[in-house]
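The listed protein sequences derive, respectively, from chains Z and B.
The numbering used here puts the first sequence at residues 1 to 438.
The numbering used here puts the second sequence at residues 1 to 260.
Take a look at the structure set out below.
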Amino acid sequence: MKSIRRSLVTMLVAAFTLVSFVAALNGYRASMDKAEALLDAQLQYSAEILVGLGGSESRGQTLGGGVEGFVFQIWDAEHPVLRSAAAPELPITAFEEGYRYANFGGFRWRTLTVSMGGQRWGMVAERADVRHTLAESVVLESVIPLLLWLPVAALLIWVLVGWGLAPLRELSAQINRKASDDLAPLDYADPPAELHQVISSTNGLLLRLAAALQREKHFASHAAHELRTPISALKIHLHNLESEVPAGSSALQHANEGIERMHHLVEQLLDLARTQPELITANFHTIDLHTLAQRVTAELWPAFEARQQSLSLQGEPATMQGDETMLAILLRNLLDNARKYTPAGGEITVFAGDRDGTPTLEVADSGPGIPSGERQRVFERFYRVGARAGEDVSGAGLGLAITQHIVQLHGAQVQLADSPLDSGLAVVVRFPNTAVSV
Amino acid sequence: MFLNSVVIVLREVLEAAVLVSALLALARRIHLGQRWLWLALPLAAVGVALYASFLAVITDALDGAGQEVLNASLQAGVYLLLLPILVLACSAEGRRQWLTVLMTLAITCAIVRECAEIHIYVRAFAALGEHAAAVWAGSALGMGIGISAGVLVYGALRAMPQRWALPGCCATLALIGAGMIMQATMLLEQVDWLPDQSPLWDSSALLSEQSFVGELLYAVLGYEATPGPLQVSLYLGCLLLAGIALWWGRMGRVKHAVQD
Numbered sequence: 001m002k003s004i005r006r007s008l009v010t011m012l013v014a015a016f017t018l019v020s021f022v023a024a025l026n027g028y029r030a031s032m033d034k035a036e037a038l039l040d041a042q043l044q045y046s047a048e049i050l051v052g053l054g055g056s057e058s059r060g061q062t063l064g065g066g067v068e069g070f071v072f073q074i075w076d077a078e079h080p081v082l083r084s085a086a087a088p089e090l091p092i093t094a095f096e097e098g099y100r101y102a103n104f105g106g107f108r109w110r111t112l113t114v115s116m117g118g119q120r121w122g123m124v125a126e127r128a129d130v131r132h133t134l135a136e137s138v139v140l141e142s143v144i145p146l147l148l149w150l151p152v153a154a155l156l157i158w159v160l161v162g163w164g165l166a167p168l169r170e171l172s173a174q175i176n177r178k179a180s181d182d183l184a185p186l187d188y189a190d191p192p193a194e195l196h197q198v199i200s201s202t203n204g205l206l207l208r209l210a211a212a213l214q215r216e217k218h219f220a221s222h223a224a225h226e227l228r229t230p231i232s233a234l235k236i237h238l239h240n241l242e243s244e245v246p247a248g249s250s251a252l253q254h255a256n257e258g259i260e261r262m263h264h265l266v267e268q269l270l271d272l273a274r275t276q277p278e279l280i281t282a283n284f285h286t287i288d289l290h291t292l293a294q295r296v297t298a299e300l301w302p303a304f305e306a307r308q309q310s311l312s313l314q315g316e317p318a319t320m321q322g323d324e325t326m327l328a329i330l331l332r333n334l335l336d337n338a339r340k341y342t343p344a345g346g347e348i349t350v351f352a353g354d355r356d357g358t359p360t361l362e363v364a365d366s367g368p369g370i371p372s373g374e375r376q377r378v379f380e381r382f383y384r385v386g387a388r389a390g391e392d393v394s395g396a397g398l399g400l401a402i403t404q405h406i407v408q409l410h411g412a413q414v415q416l417a418d419s420p421l422d423s424g425l426a427v428v429v430r431f432p433n434t435a436v437s438v
Numbered sequence: 001m002f003l004n005s006v007v008i009v010l011r012e013v014l015e016a017a018v019l020v021s022a023l024l025a026l027a028r029r030i031h032l033g034q035r036w037l038w039l040a041l042p043l044a045a046v047g048v049a050l051y052a053s054f055l056a057v058i059t060d061a062l063d064g065a066g067q068e069v070l071n072a073s074l075q076a077g078v079y080l081l082l083l084p085i086l087v088l089a090c091s092a093e094g095r096r097q098w099l100t101v102l103m104t105l106a107i108t109c110a111i112v113r114e115c116a117e118i119h120i121y122v123r124a125f126a127a128l129g130e131h132a133a134a135v136w137a138g139s140a141l142g143m144g145i146g147i148s149a150g151v152l153v154y155g156a157l158r159a160m161p162q163r164w165a166l167p168g169c170c171a172t173l174a175l176i177g178a179g180m181i182m183q184a185t186m187l188l189e190q191v192d193w194l195p196d197q198s199p200l201w202d203s204s205a206l207l208s209e210q211s212f213v214g215e216l217l218y219a220v221l222g223y224e225a226t227p228g229p230l231q232v233s234l235y236l237g238c239l240l241l242a243g244i245a246l247w248w249g250r251m252g253r254v255k256h257a258v259q260d
């Protein structure tokens, strides 16, 4: 993932390194020029001292010892008067005042010629490489710390950029802390100018979202009433009609089935709307999952008996934090699916209890199951597994979408697995084993 | 010694850094990832080690022209690898494996070419005890400037507006590639594999090759203050070829879009 801090630090360190190193390079050049000038001044001083010693009338005299890398000569009308031991016999430079470079003795030399008045000349020379190394070693003393301190500068930049991005982190943390149903505006006192627009836009968005969700909530509750009432009326009319038409009328049977399907679809749609985590405020209490499962299985038992299916409940009391109404809808949906897709005479088992220390609800059937490649898609709204859709099973493909909503609401996890029975599907819901706060 | 170290290391590092930056920016633009870079680095390390180990053999080969010819070949190789990279990057999605292989090879060639020289130089001069500090300090400074400039070039390419990002990366790569051919011709002229020609112009008074800007332009454009007619012709020819590669890639994308 792209990190603003990493990008900023990289660019800033690169810019700092480039500018400071180029400046150091220019500083090095200027310092070397200055050092050269100082060494030239020192050469001039040496030459002037030698001029003072150059009064001897003897000729061709050589002075022993001397300093390494430094030579001199004193000439009188192009005749040698005095020279250092390391100096060549020939003139080391031209008989003309000024600084020059010359090559002798296998080295390059910086030379200076001074006139002592009349025909007398003083010549001094220093090895250029020695001068350069000396000057460079001095100048490098100011360059090397720059290299050594670069990691410290990079660390400082890292810390400072981190401080600079603190308001962004704070804003991000505030948004993360918000509960899923908390659509109140962000409360950020005195935000930096760069975040002002972001906060303002986010608050506007939250406001519009809250209004939209409120409208949807109202629609769900109004639709529940408006849709259920005519369906109930239709059911009554059909019931009355049964006494007026011949018994076993296929038209009446189809009308009854159609009404039942419509009733089921409306209930599913309303459940889907009611269970949306963004829409509802869950009513969490401490509940016993096993007791809840007992109640729901008992309620649905007649429907299973009508198909000669065996329904068994296993497990033990398991307390957890949850919304009882929602969990009942969840289990009802899972049992409805199991009943519909398990052939007559099949077996359905329910487990409600602790498994590995986690409150777990499992509904397993001995039906045809769902191919593993399709298991993720069945949670999509209106999705029905191809092979099952061909069977004579009514349904809108909303049951598992509703289950998914309720699972999300409880911070639980749902998994589709192979049934522990001979064939079929097992839907396993694992709830968090700590108290849920939503 | 310090200044020499800066110039030698900067010249080599800058070129490799700008090439890596342009390819990284291009890879980000076409969502290719960075696997090619992580593949290229160990390959380049092996290449540099082999180059340094067989330096004497390489130098003596081809009547003493071995090192220059090998370096010129590596640079020409980088350019030839950049051409299909430009075509594939500008064409439709897919062929990612080819791009990964080509980018890996291009970076490997470039790093072997640049780092082998640095390795040889630093090893030779740092062995002279009295100059070691100057050589290491100069090399560090040159490397720091080169890598920093590369990072900033990457930042500039990434900061380009979406519309200009891909053309910007491709144009930078085309210029680097043509610059490498320019340098290769200079190397071959040095060993008389190409005729030495009188320069068409001398712009050293305007911009010295040794200045920082001169070094940067050398790395990106192959700047030469006194280029001969052959160098200029080859440079322009390479740019034209890169332009054709870009056009070809773009046509491929348009064709793909029409078929879809």
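For every residue, glycine included, the Cβ atom is placed at its ideal position computed from N, Cα and C.
None of the values given here were measured: they were computed from a predicted structure.
So with Cβ pairs under 8 Å, would you call residue i a contact of chain Z?
{"i": "residue 1 of chain B", "result": "yes"}
{"i": "residue 149 of chain B", "result": "yes"}
{"i": "residue 209 of chain B", "result": "no"}
{"i": "residue 68 of chain B", "result": "no"}
{"i": "residue 130 of chain B", "result": "yes"}
{"i": "residue 125 of chain B", "result": "no"}
{"i": "residue 54 of chain B", "result": "no"}
Answer yes or no: does any C-beta atom of chain B fall closer than 8 Å to that of residue i?
{"i": "residue 22 of chain Z", "result": "yes"}
{"i": "residue 8 of chain Z", "result": "no"}
{"i": "residue 387 of chain Z", "result": "Its pLDDT being 46, under 50, residue 387 of chain Z is placed unreliably by the model, and the measurement read from it follows with that caveat. Answer no: the Cβ-Cβ gap between residue 387 of chain Z and chain B never drops below 8 Å."}
{"i": "residue 15 of chain Z", "result": "yes"}
{"i": "residue 155 of chain Z", "result": "no"}
{"i": "residue 18 of chain Z", "result": "yes"}
{"i": "residue 390 of chain Z", "result": "Per-residue confidence for residue 390 of chain Z stands at a pLDDT of 46, beneath the threshold of 50, marking its modelled position as unreliable; no derived number is given."}
Measure how close the beta-carbons of residue i and residue j come, nearest whole angstrom, since I'm counting them as under 8 Å.
{"i": "residue 124 of chain Z", "j": "residue 47 of chain Z", "result": "5 Å"}
{"i": "residue 405 of chain Z", "j": "residue 275 of chain Z", "result": "4 Å"}
{"i": "residue 9 of chain B", "j": "residue 138 of chain B", "result": "7 Å"}
{"i": "residue 22 of chain Z", "j": "residue 125 of chain B", "result": "With a Cβ gap of about 23 Å, residue 22 of chain Z and residue 125 of chain B do not count as contacting."}
{"i": "residue 401 of chain Z", "j": "residue 379 of chain Z", "result": "6 Å"}
Using a C-beta to C-beta distance shorter than 7 Å, which residues of chain B count as neighbours of residue i?
{"i": "residue 25 of chain Z", "result": "6, 141"}
{"i": "residue 123 of chain Z", "result": "Within chain B, no residue comes near residue 123 of chain Z; the closest Cβ sits about 28 Å away, beyond 7 Å."}
Which residues in chain B sit within 9 Å of residue i, going by Cβ to Cβ distance?
{"i": "residue 213 of chain Z", "result": "Those do not exist, as residue 213 of chain Z stays about 34 Å from chain B at its closest Cβ, beyond 9 Å."}
Using a C-beta to C-beta distance shorter than 7 Å, which residues of chain Z count as neighbours of residue i?
{"i": "residue 134 of chain B", "result": "136, 140"}
{"i": "residue 145 of chain B", "result": "18, 21, 22"}
Can you list the residues of chain Z that residue i reaches, using a CB-CB cut of under 8 Å?
{"i": "residue 137 of chain B", "result": "140, 143, 144, 147"}
Residues of chain B with CB under 8 Å from residue i, in chain order?
{"i": "residue 11 of chain Z", "result": "151, 152, 155"}
- With a cut-off of 8 Å, do at least 3 Cβ pairs link the segment 370–378 of chain Z to the segment 290–307 of chain Z? In this structure the segment 370–378 of chain Z does not touch the segment 290–307 of chain Z; the number of beta carbon pairs closer than 8 Å is below three.
- Residues, ordered as in the chain, of the segment 133–144 of chain Z that lie near chain B by beta-carbon distance below 7 Å: Taking a C-beta cut-off of 7 Å against chain B, the contacting residues of the segment 133–144 of chain Z are 133, 136, 140, 143, 144, listed in chain order.
- Give, in chain order, every residue of the segment 11–45 of chain B whose Cβ lies closer than 8 Å to some Cβ of chain Z. Cβ contacts with chain Z: none found.
- Count the CB pairs spanning the segment 139–150 of chain B and the segment 73–83 of chain B that are closer than 8 Å, and state whether there are at least three. A contact between stretches requires three or more CB pairs, one per stretch, nearer than 8 Å, and the segment 139–150 of chain B fails this requirement with the segment 73–83 of chain B.
- Query: Looking at chain B, which residues of the segment 28–43 of chain Z have a Cβ within less than 7 Å of any of its Cβ atoms?
  - Reply: For the segment 28–43 of chain Z, the set of residues with a beta-carbon nearer than 7 Å to any beta-carbon of chain B comprises 28, in chain order.
- Message: Short of 7 Å Cβ to Cβ, which residues in the segment 219–235 of chain Z face chain B?
- Response: Within the segment 219–235 of chain Z, no residue has its Cβ closer than 7 Å to any Cβ of chain B.
- Below 8 Å, can you find three or more Cβ-Cβ pairs linking the segment 322–337 of chain Z to the segment 358–365 of chain Z? Taking 8 Å as the limit for Cβ pairs, the verdict is that the segment 358–365 of chain Z does touch the segment 322–337 of chain Z.
- Item | Touch test, the segment 307–317 of chain Z against the segment 336–354 of chain Z, Cβ-Cβ under 8 Å, three pairs minimum | With a cut-off of 8 Å, the segment 336–354 of chain Z and the segment 307–317 of chain Z count as touching, because enough Cβ pairs lie within range.
- Message: Quick check: the segment 3–20 of chain B against the segment 203–220 of chain B, are at least 3 beta-carbon pairs closer than 8 Å?
- Response: A contact exists between the segment 203–220 of chain B and the segment 3–20 of chain B.
- Message: Quick check: the segment 26–44 of chain Z against the segment 165–181 of chain B, are at least 3 beta-carbon pairs closer than 8 Å?
- Response: The segment 165–181 of chain B vs the segment 26–44 of chain Z: no contact.
- Message: For the segment 149–157 of chain Z against the segment 13–31 of chain Z, do three or more pairs of beta-carbon atoms, one drawn from each stretch, fall closer than 8 Å, so that the two count as touching?
- Response: The segment 149–157 of chain Z is in contact with the segment 13–31 of chain Z.
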